[in-house]
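Read through the structure below, which is laid out as structure tokens, and then see the notes.
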Amino acid sequence: MRIVPALIETLRRTRHLLVLTGAGASAESGIPTFRDALTGLWSRFDAASLATPDAFARDPDLVWGWYAWRRMKALQAAPNPGHRAIAALAARVPRLTLVTQNVDDLHERAGSPAVLHLHGSLHAPRCVRCARPFDLAPGVPDEPEGGRRLAPPRCPQCGGAIRPGVVWFGESLVPAVLDAAEAAARACDLCLTVGTASLVYPAAALPGIARDAGAALVQVNPSPTPLDGMARHTLRGTCAEVLPALLAAAWPG
Ligand code: BV8
Ligand code: ZN
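To convert, note that position 60 of the sequence shown is 60 in our numbering; the numbers rise steadily by one, no gaps.
Right, dumping it as structure tokens:
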């Protein structure tokens with residue numbers, strides 16, 4: 001995968017870099033993407049059907065068990081060189097806005113101070129009824145490798161069920177977070193998408209908003225995406241390989 005001089009120049013001249021990441025950014029940390037088939041108890045489901053209010057209403061123990069297992073995996077995982085390169089980029093450009101679709105905290109653990117989580121977090125459960133945040137037990141949940149059904153805790157205030165602090169399909173994003181992401185897309189001069197299939201909206205609309213506002217669009221993905229026709233540069237490689245190389249090419253030594 002060659003990094004052309006024009007891309008290096010564009011990166012060096014960037015005033016405001018918008019980085020949008022998806023599941024591919026955490027793949028090399030051992031976190032399955034939404035494309036990867038689910039394993040264990042969930043092998044007969046697809047992720048998009050479990051990540052819905054209906055699934056939680058129908059079978060809360062199955063869905064809560066899935067999110068406890070994913071939280072265990074996220075806490076057992078470590079940021080990869082791609083996460084760290086994004087954190088390092090923040091020191092190289094005047095302004096960097098990091099927007100992620102991921103619900104893990106690997107960007108933060110790699111040193112990225114401010115991360116806009118469009119789809120929420122595995123670490124911020126709340127009450128379904130009174131919306132109060134719920135404090136999970138500290139430490140890594142001890143879930144069986146193949147997963148298990150697990151009854152969601154009850155809210156100490158109102159007795160309501162506790163749900164994961166993520167945005168499920170069919171649910172609206174937090175307006176302030178989406179507004180901030182869209183504002184960054186309109187204001188940036190370089191939009192770098194990393195490890196996203198760019199199929200889930202409104203997140204998938206951000207690169208187009210940036211491009212229409214005059215920004216250069218660059219994508220990192222080993223496979224084709226709907227952005228192929230729009231991107232000025234497409235880097236066909238993995239997050240942990242390409243991003244450190246990009247950083248080193250633009251700012252050697
Ligand atoms: C909403 C949290 C108002 C939960 C998630 C417009 C058109 C069509 C449909 C819609 C539309 N507007 C709204 C919809 C409906 C829906 C939607 O977009 N559906 C899609 C499937 C068509 N959107 C919603 O429901 C949103 N809400 O719009 O509310 C509303 C409501 C109803 C109706 C209208 C409006 C809410 C969406 C958020 C859902 N929650 N996550 C959880 O995580 O459990 S989405 C979840 O899936 C992720 O957060 C992420 O966004 C998405 C997965 O996509 P990617 O991150 O791109 O990952 P994926 O696995 O798909 O691909 C990985 C990529 O990485 C691949 O390209 C691969 O090649 C690459 N890769 C792999 N390895 C590597 C790599 N790249 C680099 N390095 C590697 N090593
Ligand atoms: Zn409550």
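For each residue, glycine too, the CB sits at the ideal point set by N, CA and C.
Is residue i a contact residue of the ligand BV8, with contact defined as CB to any heavy atom under 7 Å?
i      : result
GLU28  : yes
HIS119 : yes
CYS239 : yes
GLU171 : yes
LEU18  : no
TRP168 : yes
SER198 : yes
PRO202 : yes
ARG35  : yes
VAL194 : yes
TRP222 : Note that residue 222 is Pro in the sequence shown here, rather than Trp. Yes, since a heavy atom of the ligand BV8 falls inside the 7 Å radius drawn around the Cβ of PRO222.
ALA181 : no
GLY214 : no
Look up residue i in the DSSP assignment and say whether it is helix, strand or coil.
i      : result
CYS188 : coil
ARG95  : strand
HIS107 : helix
CYS139 : According to the sequence provided, residue 139 is Gly. The question's Cys does not apply to it. Coil, per DSSP.
PRO133 : strand
THR10  : helix
ALA215 : coil
VAL128 : coil
VAL220 : strand
PHE45  : coil
LEU122 : coil
PHE34  : coil
ALA229 : Ala is not the amino acid found at residue 229; the sequence shown has Gly there. Note: GLY229 maps to coil in three-state DSSP.
ALA151 : coil
ALA57  : helix
PRO144 : coil
GLY40  : helix
State yes or no: is the C-beta of residue i nearer than 7 Å to some heavy atom of the ligand ZN?
i      : result
GLN219 : no
ARG109 : no
GLY160 : yes
ARG132 : yes
ARG129 : yes
CYS155 : yes
In the DSSP assignment, find the beta strand (DSSP E) that holds residue i and state where it starts and stops.
i      : result
ALA25  : Element bounds for ALA25: not the beta strand (DSSP E) but the alpha helix (DSSP H), 24-27.
HIS83  : Element bounds for HIS83: not the beta strand (DSSP E) but the alpha helix (DSSP H), 81-89.
LEU235 : 233-235
Which residue or residues does DSSP assign as beta-bridge partners of residue i?
i      : result
THR100 : THR21 and HIS117
HIS16  : ARG95
Would you say residue i reaches chain B, if we count a Cβ-Cβ gap shorter than 8 Å as a contact?
i      : result
GLY120 : Checking the listed chains, one finds no chain B in this structure; it contains a single protein chain.
Over what stretch of residues does the alpha helix (DSSP H) that includes residue i continue unbroken?
i      : result
LEU62  : 60-76
CYS155 : Segment: none, CYS155 is in no alpha helix (DSSP H) and carries neither H nor E.
GLU241 : 239-250
Those runs of the alpha helix (DSSP H) which lie wholly inside the region 157-212 and span at least 4 residues: List check, alpha helix (DSSP H) in window: 175-187 and 206-212.
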